[in-house]
Each structure stands twice: as structure tokens, then as C-alpha cells.
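Engineer:
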Amino acid sequence: MSEVVVAKRYADALFQLGLEKNTLEQLVKEFRVVQEVFKQNEQLDTFLIHPKIDNVKKKQLITEVFQGLQADVVNTIKLLVERRRITTLVAIIESFIQLVNDAKGIADATVYSVRELTDAEKIELQQTFAKRIGKTAINLKNIIDPSIIGGIKIRVGNTIYDGTISGKLDRISKRIVSTN
1 MSEVVVAKRY ADALFQLGLE KNTLEQLVKE FRVVQEVFKQ NEQLDTFLIH PKIDNVKKKQ
61 LITEVFQGLQ ADVVNTIKLL VERRRITTLV AIIESFIQLV NDAKGIADAT VYSVRELTDA
121 EKIELQQTFA KRIGKTAINL KNIIDPSIIG GIKIRVGNTI YDGTISGKLD RISKRIVSTN
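Residue numbers (full-length UniProt numbering): 1 to 180.
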């Protein structure tokens with residue numbers, strides 16, 4: 001079974017569990033912490049997938065590292081270690097967060113700009129694009145891209161809204177070429 005399918009199944013189960021226990025918000029916060037820990041610490045991942053290390057030691061480490069998090073979060077990680085699916089953890093977390101965001105009408109967007117956007121600019125973009133794509137809110141992530149001459153490019157899901165100067169110049173040149 002592909003990693004994406006497995007990740008979606010675990011994410012769906014976590015989503016249902018969060019709905020039943022009314023803990024979706026807390027699960028999202030804690031899984032983001034877990035995701036960050038795994039992204040910043042490659043040795044943890046290496047340790048947990050190593051076939052010669054006993055599962056008992058792996059579970060002890062998980063309990064120590066993620067002490068203070070909900071039992072559901074820690075038990076999910078332990079279950080993945082037990083079933084040798086720990087490599088799918090980041091994909092599971094991303095799928096889970098996407099399910100929660102979809103249920104709330106929230107979209108994640110990435111804004112590429114030549115400089116850091118001000119808070120006022122971010123709020124304006126969030127409000128404008130939330131209405132445009134039919135969502136209640138948008139979580140913005142701003143990435144500085146020095147290759148952009150001016151303007152911004154926004155990616156929401158698989159859709160890119162290109163308002164950069166270079167993007168406009170490309171569209172103009174394509175029109176000119178197509179008319180000839």
C-alpha cells in the first residue's frame with residue numbers, strides 16, 4: 001500500500017478520534033510540535049527505524065521525548081513504531097492537519113514575495129483570498145524570493161496566483177507570440 005494511502009487512513013482515524021473526544025485543536029497543536037521535532041532531529045528518525053533496536057527501547061524514548069503531550073499523540077507514534085510505519089508520520093500529520101483545516105474551512109497558502117510582508121498586508125491577503133476561494137480563513141506562510149522583481153505569487157493548494165512583474169511579462173510575451 002502506498003505511503004499516501006496509509007497516511008490518509010491513519011489521519012482519518014485520528015480525525016475521528018479528535019471529533020469524538022473534542023480534542024481536534026489540541027491534537028493539531030501537539031502534532032505540529034511532533035512534526036517540528038522530527039524535522040529538526042534526523043537522529044530520532046534514524047533511531048526509530050533501525051531494525052536492530054528493540055521496540056521497547058524505542059517506545060521508552062518516545063515516552064521521554066514527548067512527555068507532556070496527549071496520550072493519543074504519544075500512542076500514535078508508538079503504534080507507528082510497532083507497525084514499522086514511523087516513516088509515514090510526517091505525511092500522517094500533514095494529512096490530519098489538512099482534514100481539520102478542511103472541516104473548518106481553512107486553507108494553507110504560501111506567499112512568495114521579494115520582502116517580508118507586513119502584518120497589515122498579510123491580513124489583507126488573508127481576507128481577500130479567503131473570499132476568493134470560498135474559505136473562512138487562510139493560514140499564510142511568507143517566503144522571501146529574491147528572484148521576484150516585484151509583486152507577489154500565492155500558492156493555495158495546487159493553484160498558483162501569479163501577480164509578479166516577471167509573471168505579467170511572461171503572459172504579455174506569450175500573447176504577442178500567439179498573435180503572430
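From the three backbone atoms N, C-alpha and C, an ideal C-beta is built for every residue, glycine too.
Fair warning: this is a prediction, and the values are worked out from it, not measured in the lab.
Let's test the definition: count the other Cβ atoms within 10 Å of the Cβ of Glu30 and tell me whether it reaches 16, buried, or not, exposed.
Structural biologist: Buried, by the Cβ-count rule.
Engineer: Would the beta-carbon of Ser95 fall within 8 Å of that of Ala11?
Structural biologist: Yes. Within cutoff.
Engineer: Given this structure, state the Cα-to-Cα distance separating Thr118 from Arg83, to the nearest angstrom.
Structural biologist: Between Thr118 and Arg83, the C-alpha separation is close to 45 Å.
Engineer: Measure from the alpha carbon of Thr63 to the alpha carbon of each residue in Val74, Asn55, Ser113, then state which is nearest.
Structural biologist: It is Val74 whose Cα lies nearest to the Cα of Thr63.
Engineer: Rounded to the nearest angstrom, what separates Gly18 and Arg171 at their Cα positions?
Structural biologist: Each residue's alpha carbon lies about 46 Å from the other.
Engineer: So the candidates are Thr87, Gln16, Asn22, Ile49; which of them puts its Cα closest to the Cα of Val6?
Structural biologist: Minimum Cα distance to Val6 is reached at Thr87.
Engineer: Provide the residue span of the beta strand (DSSP E) that contains Asn22, from first to last.
Structural biologist: Segment: none, Asn22 is in no beta strand (DSSP E) and carries neither H nor E.
Engineer: Could you name the residues of the same chain whose beta carbon sits closer than 7 Å to that of Glu116, not counting the 5 residues immediately before and after it, in chain order?
Structural biologist: Excluding residues within five positions, the ones whose Cβ falls inside 7 Å are Asn142, Ile144.
Engineer: Given Lys8, which residues of its chain have a CB within under 6 Å of its CB, disregarding the five upstream and five downstream residues?
Structural biologist: Only Ser95 meet the Cβ criterion.
Engineer: How many whole angstroms separate the CB atoms of Thr69 and Leu80, which I take to be in contact at a CB cut-off of 8 Å?
Structural biologist: The residue you asked about is not Thr; residue 69 is Leu in the sequence shown. Incorrect: roughly 14 Å between the Cβ atoms, too far for contact.
Engineer: Taking the CB atoms as reference points, tell me whether Asp108 and Asn139 lie closer together than 8 Å.
Structural biologist: Their beta carbons are under 8 Å apart, which means Asp108 touches Asn139 by this criterion.
Engineer: Indicate, with yes or no, if the ligand MG has a heavy atom lying under 7 Å from the CB of Arg155.
Structural biologist: The ligand content of the structure shown is nil, which means the ligand MG is not present either.
Engineer: Enumerate in chain order the residues of its own chain whose CB-to-CB distance from Ile149 is below 8 Å, with the five nearest sequence positions on each side excluded.
Structural biologist: For Ile149, where only same-chain residues beyond five positions count, the Cβ hits under 8 Å are Val114, Thr164, Ile165, Ser166.
Engineer: Output the boundary residues of the alpha helix (DSSP H) element that contains Ile133.
Structural biologist: Counting along the chain, the alpha helix (DSSP H) containing Ile133 begins and ends at 119 to 133.
Engineer: Distance check for Lys21 and Lys153, CA to CA, integer angstroms please.
Structural biologist: If I take the Cα positions, the gap works out to 39 Å.
Engineer: Please classify Lys57 as buried or exposed, where buried requires at least 16 other C-beta atoms within 10 Å of its C-beta.
Structural biologist: The residue in question, Lys57, is exposed, as its Cβ has fewer than 16 Cβ neighbours within 10 Å.
Engineer: Please state if the CB of Val4 and the CB of Val100 are separated by a distance shorter than 8 Å.
Structural biologist: Not a contact, by the Cβ cut-off of 8 Å.
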